[in-house]
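The next block holds one structure in the form of structure tokens; read it before the comments.
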Amino acid sequence: MAFDAEDELTADRSEGPAIRLRNWKQIVEKVDFAFQPIVNPHTGHVFGYEALLRRWEDSGFSSIQSLFDTAWETGNLHGVDMMLREKAIAKFARLPEARRLKLFYNFDSRVVRTRDYQPGRTAELLRNAGLERDTIFLEISERHDISNAQYLQDILLRYRSQGFKVAIDDYGSGFAQLRALYECEPDIIKIDRFFIDGIDRDRRKELFVSQITAFAHMIAAQVVAEGVETREEFLCCRRIGCDLVQGFFIARPSVDLPERTDIVPAISGVSLENRRGVERDGDVLRSYLLETPPIENNINPVEILSYFQKNTDIAIAPVINRQGEPLGVIRDSDFKAFIYTPFGRELLQNPANRTNISRFLRRCPIADINTSLSELLETFVAADSLDGVILTENGLYLGVLDQSALLRAVNERNTLNARDENPLTRLPGNSAIYRYAANALAKPRRRRFAVYFDFDNFKPFNDLYGFRQGDRAILLFKDILGKALSQNDWFVGHIGGDDFFAYVQSIDFEDAVNAVQRAQYMFDEQIKSFYDAKTRDQGYLIGKGRNGETSEFPLMTVSAALVRIPPERTDITLDHISIEAAKLKAVAKNSPTRFASGHYDATDTATSTQPEVR
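As structure tokens, this is what we get:
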């Protein structure tokens, strides 16, 4: 039966800690933990679960925060927190493949200031549950004042010395300063939901998250985007380089344990879509990846010398834990500098120092193999790292990309892209469009659309104002497509001249139409500034058409033909769609809106249903 916990526990202050602790045990017995997965946005692979407190209201608290505030005020925060940790760890240990996963536990940083704080209790709880120390990520919420860099650093050092990981939660919501993060180097930064909400439609939010992600990678931390609730937010977070994502779009928190913990199938499906650029980057990265043999963090330090003696061409040794997850690197120069100091070798051979590999461990930027080369290059330059970047696959060590390998990979990628790009717009050209379409059309999707864009009255404009101004008009439309189609993960290509191609899947028909017509409207408005004042005022120019006859031509516009592709067909090619689009373009150019859409008919030849003109 619920009671007013806040009043009763406050009143119990005078009755002694034993009575108060008994009341808290009753509360902890009533609460439960829900688990919410945190996944890799490239693969849908589950990295870990956040433990979220549930059923606290059954004990009369008005909020989760009030529970912890009351525990703090009554002098019981450490004892209560340990009881909750024990409960969360015990439940987490029952997950399938729990030893492979990470537990994110919300940690009230005031615990370390309590009189009864005792280090080592969490390690004991993990050991009793059969879990390693680095299983747990202690989330320190920015909603408490952690702007004091020294205080935060003390917490990080205290828990890192015990082998735990630390995450900064709710980043951007409270007091944290970049200086605190820079000096303390947390393992993970979780970006507050406020900055993720509508990020696909808010350029400022996107810029903020991009900058924080770049900064995090510079200090060898990973970024979790919290509160991802839509497909568009998910794709945006993946595109700008967030390492992990969490939110209702992936899965809601549940007090029931999941049956499988390897991947979230729905997210895995989305993750495989629209991987046109990343797939190529991944192939290039694998070809230049240095498969440097790693060493485990429990190695005898004396054996590190043997490692470098056997691998004379290796300047850094990647260090992994028992699960194969990278922890950092040991530099050959650092290690040998210590060896050659007075008594250096004797100190290493001392049994008391055999587990002290941490004295040589250096943080190093870590990235998933699916990260784009552009993001890797930015991380490498920002970090000013001489060690390179450690690459992982599903969180496990894969290899190292040093400075030389990275530059060669970037050069090869640029060479490959140059062959497939339109030289004017730098958009994918014909061969890239065909390659992308072949891959996309081979996979059935419930909703998918192809769009062909074609300028109206481009030749008279080009003849009057010259090719340079014509190129500027083409570049204007390229930029407009980037803005108008940015809310969904569209593929955009430049067929040539004034012809463009776009493809999108898994969005509603109305959303696709709105995006296309938004691009048309933006071009109609902005192209007017390319004409002289007289032509702009009269609304037409005098010129020669394709038949050579002089005539009046209205100001430029863009026609669009949208083809609905049947979801069940996997034998359709881009040639089929282009035939259908040609018919629709003729309809669009004769319509007031210059837009037409139609279905690709599921027959052996491309025939259209009655075109829809808007």
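For the sequence shown, the UniProt record's numbering assigns the number 1 to the initial residue and increments by one for each residue that follows.
The C-beta atom is built at its ideal place from N, Cα and C for all residues, glycine as well.
Give the DSSP bridge partners of residue i, in chain order.
{"i": "T135", "result": "Answer by DSSP bridge pairing: none, since T135 is not bridged."}
{"i": "N106", "result": "E139"}
{"i": "Q36", "result": "E50"}
{"i": "Q505", "result": "R448"}
{"i": "Q520", "result": "In the DSSP output, where bridge partners are listed per residue, Q520 has none listed."}
{"i": "S63", "result": "DSSP, once it has assigned bridges, lists no residue as partnering S63."}
{"i": "R331", "result": "I316"}
{"i": "P428", "result": "E421"}
{"i": "E296", "result": "I320"}
{"i": "P326", "result": "I320"}
{"i": "I188", "result": "A167 and Q222"}
{"i": "R362", "result": "V329"}
{"i": "D368", "result": "T392"}
{"i": "H45", "result": "I263"}
{"i": "L441", "result": "None, per the DSSP bridge assignment."}
{"i": "residue 641", "result": "For the chain, the structure presents residues 1 to 614; residue 641 sits outside this window and is missing."}
{"i": "L290", "result": "V400"}
Given this structure, state the Cα-to-Cα distance separating residue i from residue j, to the nearest angstrom.
{"i": "I507", "j": "R536", "result": "37 Å"}
{"i": "F35", "j": "D134", "result": "18 Å"}
{"i": "residue 622", "j": "D571", "result": "In this structure the chain extends from 1 to 614, so residue 622 is not present and cannot be described."}
{"i": "F47", "j": "F509", "result": "34 Å"}
{"i": "D202", "j": "V111", "result": "38 Å"}
{"i": "R468", "j": "G497", "result": "13 Å"}
{"i": "Q517", "j": "R564", "result": "16 Å"}
{"i": "D334", "j": "N298", "result": "19 Å"}
{"i": "R362", "j": "E132", "result": "21 Å"}
{"i": "G282", "j": "Y531", "result": "45 Å"}
{"i": "E393", "j": "V270", "result": "18 Å"}
{"i": "S431", "j": "S578", "result": "15 Å"}
{"i": "V31", "j": "V39", "result": "26 Å"}
{"i": "residue 615", "j": "G548", "result": "The structure shown does not extend to residue 615, since the chain is modelled only from 1 to 614, so the question has no answer here."}
{"i": "L373", "j": "A214", "result": "14 Å"}
{"i": "T122", "j": "A93", "result": "14 Å"}
{"i": "G120", "j": "Y159", "result": "9 Å"}
{"i": "I212", "j": "N457", "result": "45 Å"}
{"i": "V28", "j": "W72", "result": "15 Å"}
{"i": "S109", "j": "V245", "result": "24 Å"}
{"i": "T605", "j": "F595", "result": "Because T605 sits at a pLDDT of 41, beneath the cut-off of 50, its placement in the model cannot be relied upon, and the following sentence gives the value as read from the coordinates. C-alpha separation (whole angstroms): 23 Å."}
{"i": "T292", "j": "F360", "result": "18 Å"}
{"i": "T355", "j": "Q162", "result": "In this prediction, T355 has a pLDDT of 49, which is less than 50 and means its spatial position is unreliable; nothing more can be read from the coordinates."}
{"i": "I168", "j": "H217", "result": "14 Å"}
{"i": "A515", "j": "F477", "result": "14 Å"}
{"i": "I189", "j": "L156", "result": "13 Å"}
{"i": "L305", "j": "R331", "result": "11 Å"}
{"i": "S59", "j": "P265", "result": "36 Å"}
{"i": "P326", "j": "L377", "result": "20 Å"}
{"i": "I369", "j": "L396", "result": "10 Å"}
{"i": "S254", "j": "F33", "result": "8 Å"}
{"i": "G482", "j": "T425", "result": "12 Å"}
{"i": "F455", "j": "A502", "result": "15 Å"}
{"i": "Y540", "j": "A533", "result": "11 Å"}
List the whole-angstrom C-beta distance separating residue i from residue j, where the pair is believed to meet the contact cut-off of C-beta under 8 Å.
{"i": "K165", "j": "I136", "result": "7 Å"}
{"i": "P460", "j": "G598", "result": "Rounded, the Cβ-Cβ distance is 29 Å, inconsistent with contact."}
{"i": "Q323", "j": "R100", "result": "7 Å"}
{"i": "V329", "j": "I320", "result": "Not quite, the Cβ-Cβ distance comes to about 10 Å (not below 8 Å), so this is no contact."}
{"i": "A220", "j": "I366", "result": "6 Å"}
{"i": "I191", "j": "S210", "result": "Incorrect: roughly 11 Å between the Cβ atoms, too far for contact."}
{"i": "E206", "j": "I199", "result": "5 Å"}
{"i": "C364", "j": "P41", "result": "About 22 Å; that fails the 8 Å criterion."}
{"i": "L584", "j": "F449", "result": "So it is not a contact: roughly 12 Å between Cβ atoms."}
{"i": "A519", "j": "A484", "result": "4 Å"}
{"i": "P318", "j": "V400", "result": "6 Å"}
{"i": "A560", "j": "A588", "result": "6 Å"}
| query | How about the stretch 99 to 111 and the stretch 45 to 59: do they share at least three Cβ pairs that are nearer than 8 Å? | reply | Cβ pair count under 8 Å is three or more, so yes.
| message | Which complete beta strand (DSSP E) runs does the stretch 210 to 264 hold, if anything under 3 residues is left out? | response | Listed in chain order, the complete beta strand (DSSP E) runs (minimum 3 residues) inside the stretch 210 to 264 are 222 to 225.
| Okay, do the stretch 75 to 86 and the stretch 114 to 130 touch, 3+ Cβ pairs below 8 Å being the bar? | Yes, the stretch 75 to 86 is in contact with the stretch 114 to 130.
| said: At 4 residues or longer, what runs of the alpha helix (DSSP H) sit wholly inside the UniProt domain "GGDEF" (446 to 597)? | reply: Complete alpha helix (DSSP H) runs here, min 4: 458 to 465, 467 to 484, 509 to 526, 533 to 538 and 574 to 589.
| Stretch pair the stretch 248 to 258 + the stretch 216 to 234: three plus CB contacts closer than 8 Å | Enough Cβ pairs lie closer than 8 Å, so yes.
| said: Check whether the stretch 216 to 228 and the stretch 254 to 266 are in contact - that is, three or more C-beta pairs closer than 8 Å. | reply: No: fewer than three Cβ pairs fall under 8 Å.
| request: Mind listing, in chain order, the continuous beta strand (DSSP E) runs of no fewer than 3 residues lying wholly within the stretch 370 to 399? | output: When DSSP assignments are scanned along the stretch 370 to 399, the uninterrupted stretches of beta strand (DSSP E) that are 3 or more residues long and fall wholly within it turn out to be 389 to 393.
| task | Tell me, please, whether the stretch 410 to 423 touches the stretch 442 to 454 by the rule of three or more beta-carbon pairs shorter than 8 Å. | result | Short answer: they don't touch.
| query | If you pair each beta-carbon of the stretch 52 to 67 with each one of the stretch 286 to 303, do three or more pairs fall below 8 Å? | reply | The answer is no - the stretch 286 to 303 does not touch the stretch 52 to 67, with fewer than three Cβ pairs under 8 Å.
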